[in-house]
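What follows is a single structure, written as structure tokens, with notes after it.
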Amino acid sequence: MAAGRTARRALPVHAAAAWCVCGLGCSLAQAQVAPPGFGVRGVCAETAQVPWVRAIVPWHDGEHLIAIRHELLHARGERSLRHKPVFAWPPTDDIAFVLPLGGNQFAVGALVAGDVACIDLGGGPTVLLAGVANAFDAVARGADLLVTANPTWPAAGAHAGVWLLGPGRVPREILPLVGPSGPLVWLGNGDLVVGELGPIVPPPPGAARLLRIPAARIAAAVAGATLSLADVAAIGAGFDGLYDLAVDTQGRVHASDPARSIVVHTAPGGLTPAGTTLDVGTGRYALALHFAAHGAAPLRGYQPPAAAPHLCVVHSDFATRVELLHLAPARPSAQLPGGPSLAVGTHALQLSGAPPNGLAVALAGPGTGTEVPFAWGDVPVWFGLAPVLVAATAAVDATGSATLALHNPGSVPGPFTVQVLALDASGSGDVGTTSPLAIEFEP
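The sequence shown runs 9 to 451 under our numbering.
Structure follows, in structure tokens:
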């Protein structure tokens, strides 16, 4: 496996062990578990040729590209309705990676031959780059690519490394690595983060690590330098395995492990595991990651999903199903069981999906406008009310639910809008608001 895993977004070769686990556990597979303040939904799945799926890559809304063995196919909807291939290597080869380059452009690596085709699905020309065999992951730097690969595996002394490819370039290793080929990703400041799995396959618990190489050293390597561990500015250890990486707008690195069901993340700017991003479920294994930037809200709990980015996560049981999930923030929800028209008296406003064990405050105003985010510490809080008054408060239970008492005194008839502000127990952490809810106080 390039040594241990030969293809980006492919079933890892040490999935042979996962096959054994799956034979016992697939029938007991449990649903995905998103952290509080988030929701998860499946957007594309393949059930017919699961062991041969090399990649599922987002394209347009509701459309995806699925790489199966040597073919790149077009898919629509929640099931992969495949059409004729949009690209294919010879049947004697396999797709090693599929890298989105923006718009309709993608780089597609050949696992055996090592070539890379830069294709334009909008009808533009295809550019062929000389590459290296056993490639695993790739990132773009202008017209060049940086690729992790172990080209001479399984020969004695074979090792993984980061290679530089590009138009007119002879492929060149710019950073030797130890162990199987791992993932790599750009940080927002231009630094490169590379996963190194170490010499033992599979890695012992906590042995895999992330290496951060400054942007200036990458530029030097592109200009002709060869890098070493001395060029690494920071190292983050503590990962059991590394399959793919994604970086969100907060500077957190999300990492998957093909032998585990969870995706973990670092603290903003950090390189060591600090929390769980998503559990894809017992009997399933987290694979490819892709951060889809969108809107003004961060990838943080309790934000409005229509204004927030999402994280794409591919998972598989290596036997019956491979699926692309979207993990996105989910707002708290407020409901009036009796409807929006409130007679004189007290009515129950039901809140769900709020930060557990926190505080809920119902705010009311005479109308609603465009929701605008206001800063609450480092968290945007979305309101469409001005002016506002406090209509009710309540404690939130451990499930994120609360009942707020809305009182109609009978002396203020007319339309109102209610939004609930929900805070965590500290008042300085998780915070969110419900969507505006129109109500009518009857006289």
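Quick reminder that beta carbons are idealized off the backbone N, C-alpha and C, glycines included. Because the structure is a prediction, the values reported are computed rather than measured.
Strand pairing of residue 184, partner residues [DSSP]: 169
Where are the beta strand (DSSP E) runs, 3 residues long or more, that stay fully inside the stretch 230-299, in chain order? 242-247, 252-255, 261-264, 270-274, 281-287
Could you check the C-alpha separation between residue 194 and residue 92 for me, to the nearest Å? 33 Å
Using the rule of at least 16 other Cβ atoms within 10 Å of the residue's Cβ for burial, across every protein chain shown, is residue 178 buried or exposed? exposed
Does the Cβ-Cβ distance between residue 117 and residue 139 come in under 8 Å? yes
Spatial neighbours of residue 436 within its chain, please: C-beta separation below 7 Å, excluding the five flanking residues on both sides. For residue 436, same chain residues with a beta-carbon under 7 Å away, outside a window of 5 residues either side, are 385 in chain order.
Anticipated Cβ contact below 8 Å, residue 64 with residue 420, distance rounded: Actually they do not touch by this definition, with Cβ atoms about 54 Å apart.
Kindly list the residues whose CB is nearer than 8 Å to the CB of residue 392, restricted to its own chain and excluding five residues on each side of it in sequence; keep chain order. 376, 377, 378, 379, 380, 425, 427, 444
Proximal residues to residue 270 (C-beta, below 6 Å), its chain only, five neighbours per side dropped: 284, 287
Counting pairs of beta carbons, one from the stretch 193-208 and one from the stretch 242-255, are three or more of them closer than 8 Å? yes
Local Cβ density within 10 Å of residue 243, reported as buried at 16 or more and exposed below that: exposed
Going straight from the alpha carbon of residue 446 to that of residue 66, what length do you get? 36 Å
Reduced DSSP category for residue 75 - H, G, I as helix; E, B as strand; rest coil: strand
I want to know whether the stretch 218-236 touches the stretch 290-303 - three or more CB-CB distances under 8 Å. no
Taking buried to mean at least 16 other C-beta atoms within 10 Å of its own C-beta, is residue 213 buried or exposed? exposed
Residue 404 versus residue 218 - alpha carbon distance: 39 Å
Closest by CA to residue 209, which one among 235, 220, 266, 175? 266
Beta-carbon proximity check, residue 199 vs residue 223, cutoff 8 Å: yes
Report back the beta-carbon spacing between residue 388 and residue 327 to the nearest angstrom; my notes put them in contact at under 8 Å. The beta carbons of residue 388 and residue 327 sit about 42 Å from each other, so the pair does not count as a contact at 8 Å.
Which value, in whole angstroms, describes the spacing of the CA atoms of residue 13 and residue 308? Low confidence applies here, because residue 13 scores a pLDDT of 37, under 50, leaving its location unreliable and the question unanswered by this model.
Residue range of the unbroken beta strand (DSSP E) whose run includes residue 434: Neither: residue 434 is in no beta strand (DSSP E) and is coded neither H nor E.
So, residue 440 versus residue 258, is the Cβ gap smaller than 8 Å? No, the Cβ-Cβ distance between residue 440 and residue 258 is not below 8 Å.
Under DSSP, the beta strand (DSSP E) around residue 197 begins and ends at which residues? Premise fails: residue 197 is in no beta strand (DSSP E) and is neither H nor E.
What are the boundary residues of the beta strand (DSSP E) that includes residue 391? 387-391
Backbone secondary structure at residue 178 - three-state DSSP: coil
If distances are taken between C-alpha atoms only, which option among 431, 348, 306 comes closest to residue 319? Restricting attention to 431, 348, 306, the CA atom closest to the CA of residue 319 is found in 306.
Return the first residue and the last residue of the beta strand (DSSP E) that residue 66 is part of. 61-66
Per DSSP, which residues does residue 207 bridge with? Please list them. Bridge partners of residue 207: none, in fact.
Would residue 101 and residue 72 be called neighbours here (beta carbons separated by less than 8 Å)? Annotated as distal: residue 101 and residue 72, with beta-carbon spacing of 8 Å or more.
Does DSSP put residue 143 in a helix, in a strand, or in coil? strand
Opposing strand residues paired with residue 337 [DSSP bridges]: 46
Classify residue 225: buried if its beta carbon has 16 or more other beta carbons within 10 angstroms, exposed otherwise. buried
If residue 141 and residue 120 are in contact, beta carbons under 8 Å, what's the gap, nearest whole angstrom? Residue 141 to residue 120, Cβ: 6 Å. Contact.
Can you give the beta carbon distance from residue 416 to residue 369, rounded, assuming they're within the 8 Å contact cut? Incorrect: roughly 18 Å between the Cβ atoms, too far for contact.
Taking residue 346 as the reference, which of 74, 300, 356 has the closest Cα? Ranking 74, 300, 356 by CA distance to the CA of residue 346 puts 356 first.
Flag this pair as yes or no: are the beta carbons of residue 333 and residue 84 separated by less than 8 Å? no
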